[in-house]
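Under this note's numbering, read the sequence shown as residues 66 to 540, first letter to last.
Backbone N, C-alpha and C fix where the C-beta goes; we use that ideal spot for every residue, glycine too.
Please read all numbers here as calculations on a predicted model, not as lab measurements.
See structure below.
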Amino acid sequence: MTDATTAVPTPVTWPAHDPATYRVVPESSAPLDEARVASLLAAEWERFEKQTPESGAHHSRALGSLPLGVPSSFQHWDPYPVAITSAQGAWLTDVDGRRVLDLSMGFGAMLAGHLNPTVIAAVSKALETGTLFVTPSPSATDAAERFQRRFGLDQLRFANSGTEATMYALRTARAFTNRKAIIKIEGGYHGGYDALQVSVKPSVAEAGPEEAPTPVTPFEVEAGTVHVVPYNDLDRLGQLFAEHGSEVACVFMEPVLENIGIVVPDAGYLAAVRAMCDANGALLVFDEVKTGLTAGPQGASQRLGVKPDLVALAKSIGGGLPLAAFGGTAEVMACITDQRMPHFGTYNGNPLVMAAAVAVDEIATDEALAAAETLNVGALEQMNAIIAANQLPAHTVGFGVKGAVTWAPTPVRNYRDYKRTDFGVAELSWLWGVNRGVLTPPGLDEQWLVSLAHTADDMGILVEEFRELAAALRA
Numbered sequence: 066m067t068d069a070t071t072a073v074p075t076p077v078t079w080p081a082h083d084p085a086t087y088r089v090v091p092e093s094s095a096p097l098d099e100a101r102v103a104s105l106l107a108a109e110w111e112r113f114e115k116q117t118p119e120s121g122a123h124h125s126r127a128l129g130s131l132p133l134g135v136p137s138s139f140q141h142w143d144p145y146p147v148a149i150t151s152a153q154g155a156w157l158t159d160v161d162g163r164r165v166l167d168l169s170m171g172f173g174a175m176l177a178g179h180l181n182p183t184v185i186a187a188v189s190k191a192l193e194t195g196t197l198f199v200t201p202s203p204s205a206t207d208a209a210e211r212f213q214r215r216f217g218l219d220q221l222r223f224a225n226s227g228t229e230a231t232m233y234a235l236r237t238a239r240a241f242t243n244r245k246a247i248i249k250i251e252g253g254y255h256g257g258y259d260a261l262q263v264s265v266k267p268s269v270a271e272a273g274p275e276e277a278p279t280p281v282t283p284f285e286v287e288a289g290t291v292h293v294v295p296y297n298d299l300d301r302l303g304q305l306f307a308e309h310g311s312e313v314a315c316v317f318m319e320p321v322l323e324n325i326g327i328v329v330p331d332a333g334y335l336a337a338v339r340a341m342c343d344a345n346g347a348l349l350v351f352d353e354v355k356t357g358l359t360a361g362p363q364g365a366s367q368r369l370g371v372k373p374d375l376v377a378l379a380k381s382i383g384g385g386l387p388l389a390a391f392g393g394t395a396e397v398m399a400c401i402t403d404q405r406m407p408h409f410g411t412y413n414g415n416p417l418v419m420a421a422a423v424a425v426d427e428i429a430t431d432e433a434l435a436a437a438e439t440l441n442v443g444a445l446e447q448m449n450a451i452i453a454a455n456q457l458p459a460h461t462v463g464f465g466v467k468g469a470v471t472w473a474p475t476p477v478r479n480y481r482d483y484k485r486t487d488f489g490v491a492e493l494s495w496l497w498g499v500n501r502g503v504l505t506p507p508g509l510d511e512q513w514l515v516s517l518a519h520t521a522d523d524m525g526i527l528v529e530e531f532r533e534l535a536a537a538l539r540a
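What follows is the structure, encoded as structure tokens:
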């Protein structure tokens, strides 16, 4: 093993990242002691089980009725997840009575904060007039007009989940182009629709060459023709268009990948993807389920300066209620008007979520989101100093109100880079926070979200537990 005290210069030959995003890579780093990481991780799992006995007991009960003991599989981790009983603002309370700082915030669904008073007041008022009409209502039109203005959409339709929004966006793209094949990003996640389940965190052993990935399709999925391309790789995208351009309905992608930490685009990358789509008669579809308002007041596409033909939205637009939408240009959305792409849904535009949507539009002001982003950048910059002082093989990435420490000494620009990160220390970093009352999403691609309810003191808790981890790693 390399001596952990020997600094290793970090190469500086990677392309510049889009200036609308945040990434800071230290000039040098030193390897971590793997034995030390393993020892700390074992101790932290022991500490976790001692601190959370009631969560363990709840999990044993839940296994009897829920597969894996959870309502959604991403909520599960071994030996069991923390079970939450209540939430307020930026804080959770678990079944063991611990107060936990929520920096997961539903991947953005809780951007407004838990029990935001403006959202609660709007939904409570809506409860007085009806929960579901299943007919047109001025409340849905009001919400649609607000999102139309905010996100620069000619028209949009509401749905109930990110999976619905991405599914219908893809179906619309196929109907408009009269083509079936799609191109998606390797490692990208877009919900549960079959065509978008291809190569979601695939095994590298199955995924073929790094420069020309092989699509990996789960057995239970009937996907159709899906071509897979590395993120930030214009050469491979050009090759796929050259070979299959007349068959491709769309490039379907997150503008900033947020399923594998945070992976930001190279400068000029998204504009070049837009140009390639135009040149080949394909649509560009942005999945902004995880970005949306977390990227800024008008979403990622406007912040990054690249306009897609269609966009899928969810999470941050609903104030904690199940709301999604998809929309785009009038020409493309005409597919719904003329029934080339029928779109239905009993709960679409129901008055409860429309009330929440209007409340979110009112509170997610430029000033409020800028203040939250300032808190995020402040935390990232403090973590940069900790990384540099301890020569950690890590770097920070951010976009809007989301941030991450990525455990690699060089930038992660695509899925294969992500697979080369240090998952052992990533697990330790996440668990270290959980044991000190800071919850980020479970998994090995830690990312946090600063909501409108978080304070500078809250972010100071995140920074200080990271400082303690750095000291422990170098002890």
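Check each candidate in the options and name the one with the smallest Cα separation from residue i.
{"i": "P330", "options": "A429, M398, G392 and N297", "result": "N297"}
{"i": "L534", "options": "A379, L349, S138 and V503", "result": "V503"}
{"i": "K484", "options": "V265, A347 and G173", "result": "V265"}
{"i": "T430", "options": "D374, A127, V199 and I382", "result": "I382"}
{"i": "I452", "options": "D523, S516 and E529", "result": "E529"}
{"i": "A246", "options": "G525, F306 and A270", "result": "F306"}
{"i": "Y465", "options": "A85, E210 and P80", "result": "In the sequence on display, residue 465 carries Gly and not Tyr. Selected option, being the one with the closest Cα: A85."}
{"i": "N413", "options": "E210, P146 and E229", "result": "E229"}
{"i": "V147", "options": "A521, G121, A277 and T194", "result": "G121"}
{"i": "T404", "options": "A240, A100 and Q116", "result": "First, the residue type needs correcting, since residue 404 is Gln and not Thr in the sequence shown. Q404 has its Cα closest to that of A240, out of A240, A100 and Q116."}
{"i": "G370", "options": "V397, V350, A336 and E353", "result": "A336"}
{"i": "A347", "options": "Y334, T279 and I248", "result": "I248"}
{"i": "G310", "options": "I327, Q213, M341 and R539", "result": "M341"}
{"i": "V321", "options": "P96, G134 and G253", "result": "G253"}
{"i": "A540", "options": "D98, P91 and Y145", "result": "D98"}
{"i": "F409", "options": "D159, R236 and P144", "result": "R236"}
{"i": "F113", "options": "R163, V135 and M406", "result": "R163"}
{"i": "L218", "options": "S130, G361 and Q367", "result": "Q367"}
Excluding the 5 residues preceding and the 5 following residue i in the sequence, name in chain order all residues of the same chain whose CB lies nearer than 6 angstroms to its CB.
{"i": "G489", "result": "V102"}
{"i": "T70", "result": "No answer about T70 holds up, because its pLDDT of 45 lies below 50 and its placement is not dependable."}
{"i": "W513", "result": "L168, G468 and T505"}
{"i": "V184", "result": "A177, G384, A421 and A424"}
{"i": "A234", "result": "V350, L375, A377 and F391"}
{"i": "T196", "result": "L417"}
For residue i, which residues of its own chain have a beta-carbon under 8 angstroms away from its beta-carbon, when the five flanking residues on both sides are left out?
{"i": "H179", "result": "A152, Q153, G154, A155, W156, L157, D167, G385 and A518"}
{"i": "L106", "result": "G489, E492, L493 and L496"}
{"i": "F198", "result": "N415 and P416"}
{"i": "R88", "result": "H82, V329, H460, T461, V462, G463 and P476"}
{"i": "L527", "result": "L166, L168, A444, G498, V503 and W513"}
{"i": "P80", "result": "N297, D331, A332 and R478"}
{"i": "E271", "result": "T279 and V281"}
In the DSSP assignment, find the beta strand (DSSP E) that holds residue i and state where it starts and stops.
{"i": "E427", "result": "Per DSSP, E427 belongs to no beta strand (DSSP E); it is in the alpha helix (DSSP H), P416 to I428."}
{"i": "L358", "result": "No beta strand (DSSP E) holds L358; DSSP gives it neither H nor E."}
{"i": "L157", "result": "W156 to D159"}
{"i": "H292", "result": "V291 to V294"}
{"i": "A377", "result": "L375 to L378"}
{"i": "T150", "result": "I149 to Q153"}
Per DSSP, what are the beta-bridge partners of residue i in this structure?
{"i": "M318", "result": "F351"}
{"i": "W513", "result": "G468"}
{"i": "D167", "result": "L504"}
{"i": "Q220", "result": "G393"}
{"i": "T461", "result": "V89 and V470"}
{"i": "H179", "result": "G154"}
Buried or exposed: where does residue i fall if 16 or more other Cβ atoms within 10 Å of its Cβ makes it buried?
{"i": "D482", "result": "buried"}
{"i": "T402", "result": "exposed"}
{"i": "R478", "result": "buried"}
{"i": "R215", "result": "buried"}
{"i": "Q456", "result": "buried"}
{"i": "D343", "result": "exposed"}
{"i": "N324", "result": "buried"}
{"i": "T486", "result": "buried"}
{"i": "V269", "result": "exposed"}
{"i": "K115", "result": "exposed"}
{"i": "N243", "result": "exposed"}
{"i": "A536", "result": "exposed"}
{"i": "L261", "result": "buried"}
For residue i and chain C, any beta-carbon pair shorter than 7 angstroms?
{"i": "N479", "result": "No chain C appears in the structure shown, which is made up of a single protein chain."}
Once the 5 residues before and after residue i are set aside, which same chain residues still bring their CB inside 7 angstroms of it?
{"i": "A187", "result": "A420, A421, V423 and A424"}
{"i": "Q259", "result": "Note on residue identity: the sequence assigns Asp, not Gln, to residue 259. Within the same chain, D259 has close Cβ partners V286, E287 and A288."}
{"i": "G525", "result": "none"}
{"i": "T359", "result": "G173, L176, S381, G465, V466, K467 and L514"}
{"i": "N345", "result": "F306, G310 and V313"}
{"i": "H123", "result": "A148 and V160"}
Provide the residue span of the alpha helix (DSSP H) that contains residue i, from first to last.
{"i": "L527", "result": "A521 to R539"}
{"i": "R116", "result": "The sequence as given places Gln at residue 116; Arg does not occur at that position. Residues E99 to Q116."}
{"i": "K484", "result": "Y480 to K484"}
{"i": "K249", "result": "Run containing K249: none in the alpha helix (DSSP H); it sits in the beta strand (DSSP E), A246 to I250."}
{"i": "D590", "result": "Shown here, the chain extends from 66 to 540; a query on residue 590 therefore has no answer."}
{"i": "H309", "result": "L299 to H309"}
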